[in-house]
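What follows is a single structure, written as structure tokens, with notes after it.
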């Protein structure tokens, strides 16, 4: 298998799908426009490829009004079809040789592009090929006013091989792998499934902790729980699709389709007795104490139970 070799320069296409995220999208785009590159940088230029996935919050109206403030942006629109379809469109329209995927609620530091470029050049030197991608750090925050003030937390750790929150990869490998599978029309797994195909092509992951992005989400409250439960059920169904495409033990572990996960979350949730109704007073108490993140982590007990239930219900249906 021949190794491809990258050049000594890089042109980035930052691909961002968005759907009804206009307030935080503004911070995301302004941070990308404020990138600082060294005098002797391998980055010859960059563009921001924004794909609006049928937003109804006036995202494109706002962008048209402020387009002079965003000289690097080219934007496209589609009917609401999900992030897999949106990212595929972004890659197909991208002019760069290297794609960076981030989400529209991610706010990056000013050295973001330079850090990915340095890691790409170092990886090329070490491996002698471009058969790899760089994976930056993602820090979760609910601080909308100043998202980049959030410190790194143990809960920010991710063991994912390929996730689209903050990753840079040569475009030709995405095309060779076949881009994102648009069969993943519900929530979850489309990026990790692509990661399996990239791993099968021999690509390696190179961590790039200097390329930091701050993933904003609103502070947890009880009104979010029905949506979060629905997401976990959807993630369970898409997890089974993931397993159908790649029926391996590794994927079973990833999607929580094992006896261990059934036992773990069954015990922790007391077989579902600890749920969104019975735990609501305690969660609200934590929120009132100013600890919404802790409340969310505790709510993950029953959220994971719903996820495991979704996995096995979907698996039973296909069998």
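Residue numbers (the numbering used here): 47 to 365. Glycine residues also receive a C-beta, built at the ideal position from the N, C-alpha and C atoms.
Bounding residues of the alpha helix (DSSP H) (the contiguous stretch that carries residue i)
i, result
"residue 76", "68–79"
"residue 203", "Element bounds for residue 203: n/a, residue is neither H nor E."
"residue 191", "Where residue 191 is concerned, there is no enclosing alpha helix (DSSP H), given that its DSSP letter is neither H nor E."
"residue 223", "217–223"
"residue 102", "Premise fails: residue 102 is in no alpha helix (DSSP H) and is neither H nor E."
"residue 348", "338–364"
Contacts around residue i, its chain only, beta-carbon distance under 7 Å, and the 5 residues preceding and following it disregarded
i, result
"residue 274", "349"
"residue 357", "282, 285, 286, 301, 302 and 303"
"residue 55", "88 and 90"
"residue 49", "Only weak support exists for where residue 49 lies, its pLDDT of 44 falling under 50; the coordinates are left without a value."
"residue 254", "161, 162, 165, 180, 181 and 182"
"residue 341", "266, 329, 332 and 333"
Range of the contiguous beta strand (DSSP E) that encloses residue i
i, result
"residue 259", "250–262"
"residue 91", "89–98"
Supposed close pair residue i, residue j - CB separation, criterion 8 Å
i, j, result
"residue 232", "residue 280", "4 Å"
"residue 215", "residue 179", "4 Å"
"residue 228", "residue 130", "5 Å"
"residue 177", "residue 290", "Contact doesn't hold; Cβ gap of about 27 Å is too wide."
"residue 247", "residue 222", "6 Å"
"residue 262", "residue 151", "5 Å"
Proximal residues to residue i (C-beta, below 8 Å), its chain only, five neighbours per side dropped
i, result
"residue 345", "266, 271, 274, 322, 325 and 329"
"residue 292", "239 and 242"
Cβ neighbours of residue i in the same chain (closer than 6 Å, five flanking residues each side left out)
i, result
"residue 256", "161"
"residue 185", "196, 198, 202 and 260"
"residue 258", "155 and 183"
"residue 65", "99 and 101"
"residue 307", "354"
"residue 128", "231"
"residue 19", "Residue coverage of the chain in this structure runs from 47 to 365, which leaves residue 19 outside it and unanswerable."
| request: Evaluate the contact criterion for the stretch 54–64 versus the stretch 137–151: three or more CB pairs, one atom per stretch, below 8 Å. | output: yes
| At which residue ranges does the stretch 111–183 contain complete alpha helix (DSSP H) runs of 4 or more residues, listed in the order of the chain? | 129–139 and 158–173
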